[in-house]
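Protein chains in written order, with this note's numbering: chain A, 1 to 114; chain B, 1 to 115.
Yeah, the Cβ is synthetic: ideal placement off N, Cα and C, and Gly gets one too.
Notes for the one structure printed next.
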Amino acid sequence: GNSVTQMEGPVTLSEEAFLTINCTYTATGYPSLFWYVQYPGEGLQLLLKATKADDKGSNKGFEATYRKETTSFHLEKGSVQVSDSAVYFCALSDLSNQGGKLIFGQGTELSVKP
Amino acid sequence: EAGVAQSPRYKIIEKRQSVAFWCNPISGHATLYWYQQILGQGPKLLIQFQNNGVVDDSQLPKDRFSAERLKGVDSTLKIQPAKLEDSAVYLCASSFLSGSSYEQYFGPGTRLTVT
């Protein structure tokens with residue numbers, strides 16, 4: 001079945017460090033891929049998405065490229081800020097489900113220190 | 001634009017009691033989802049509605065969980081009776097079709113603690 005695997009956290013970085021959070025997936029067909037972010041005490045927010053191979057999603061300095069050959073969608077940011085501290089979830093849309101059911105990874109907690 | 005509304009935000013009950021959660025999706029969003037997020041895990045779909053019809057409830061424990069979406073707008077999720085393992089955050093989301101993919105918008109969630 002479809003699944004998403006993320007690197008385990010927590011990830012602790014200093015401000016202005018480079019961030020990579022790895023995400024790989026298993027799916028039939030070519031699902032859309034998403035990164036969601038969950039700030040403390042808040043709901044999930046869509047951070048970025050990519051709908052086909054080689055697409056690059058970007059938002060707020062974060063980027064991720066849909067890599068079909070490696071079935072990956074790694075999240076990157078060149079210079080993190082304290083305000084980026086949150087839990088990040090990689091997800092794919094299940095193509096067997098009418099209406100875009102999401103399958104999530106387990107989440108990666110990011111802590112950025114000043 | 002108003003977001004997805006959920007209530008209550010927090011609920012503490014004893015096992016074997018019943019509880020209900022309410023969700024009001026973004027206006028115009030035909031698809032509504034309920035997810036269960038256990039601490040330290042990613043959300044897992046419980047049930048999905050398209051207007052007021054069920055699209056997917058394969059992961060819903062139907063012996064104790066039920067959900068409805070009357071008139072294709074608001075939705076309620078009920079647990080009766082609750083078990084300790086039902087302690088989780090219950091997330092409601094709604095979506096619209098953007099290009100070739102559905103973009104889901106999530107509410108703040110209801111944190112349920114079963115003691």
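Please state if the CB of Leu112(B) and the CB of Ser11(B) are separated by a distance shorter than 8 Å. Position 11 of the second sequence holds residue 11(B). Position 112 of the second sequence holds residue 112(B). Reading off the sequence, residue 11(B) comes out as Lys, not Ser. Cβ distance < 8 Å, so Lys11(B) and Leu112(B) count as in contact.
Local conformation of Val73(B) per DSSP, three classes: Mapped onto the second sequence, residue 73(B) falls at position 73. Coil at Val73(B), not helix or strand.
Start-to-end residues for the beta strand (DSSP E) that takes in Ser14(A): The residue labelled residue 14(A) in the question sits at position 14 within the first sequence. Its beta strand (DSSP E) spans residues 11 to 14.
What residue from Pro8(B), Gln17(B), Asn51(B), Phe21(B) has the CA that sits closest to Ser27(B)'s CA? Stepping through the second sequence from its first residue, residue 27(B) is reached at position 27. For the residues Pro8(B), Gln17(B), Asn51(B), Phe21(B), the minimum Cα distance to Ser27(B) belongs to Asn51(B).
Boundaries (first-last residue) of the beta strand (DSSP E) holding Leu102(A): Here residue 102(A) is taken as the residue at index 102 of the first sequence, counted from 1. It spans 102 to 104 - the beta strand (DSSP E) in which Leu102(A) sits, taken as one unbroken run.
Mind checking if Phe62(A) is an interface residue toward chain B, Cβ cutoff 8 Å exclusive? Against the first sequence, residue 62(A) aligns to sequence position 62. It does not: the Cβ of Phe62(A) has no partner Cβ on chain B nearer than 8 Å.
List the residues of chain B whose Cβ lies closer than 7 Å to the Cβ of Gly1(A), in chain order. Numbered from 1 along the first sequence, position 1 holds the residue referred to as residue 1(A). None at all; the shortest Cβ gap to chain B is about 11 Å.
Is Asp56(B) helix, strand or coil when you go by DSSP? As a position in the second sequence, residue 56(B) is number 56, starting the count at 1. Residue state, collapsed to three classes: strand.
Which whole-angstrom value is the C-beta distance of Thr20(A) and Glu76(A), which I expect to be below 8 Å? Your numbering for residue 20(A) matches position 20 in the first sequence. Your numbering for residue 76(A) matches position 76 in the first sequence. The Cβ separation is near 5 Å, so the contact holds.
Could you list which residues in chain A have their beta carbon closer than 8 Å to that of Ser101(B), in chain order? Walking along the second sequence from the start, residue 101(B) turns up at place 101. Ordered by position in chain A, the residues that pass the 8 Å Cβ test against Ser101(B) are Ser32, Lys49, Thr51, Ser93, Gly100.
Quick one: what does DSSP say Glu68(B) is sitting in, helix, strand or coil? Numbered from its first residue, the second sequence carries residue 68(B) at position 68. Note: Glu68(B) maps to strand in three-state DSSP.
Status (buried if at least 16 other CB within 10 Å, exposed otherwise) for Pro114(A): Working through the first sequence from its first residue, we reach residue 114(A) at position 114. By the 10 Å Cβ count, Pro114(A) comes out exposed.
Contact with chain B by Leu44(A), beta-carbon distance below 8 Å: Along the first sequence, one-based indexing puts residue 44(A) at 44. Put simply, the CB of Leu44(A) is near chain B, with a gap under 8 Å to one of its CB atoms.
Where does Leu39(B) sit, in a helix, a strand or coil, going by DSSP? By one-based count along the second sequence, residue 39(B) stands at place 39. Coil at Leu39(B), not helix or strand.
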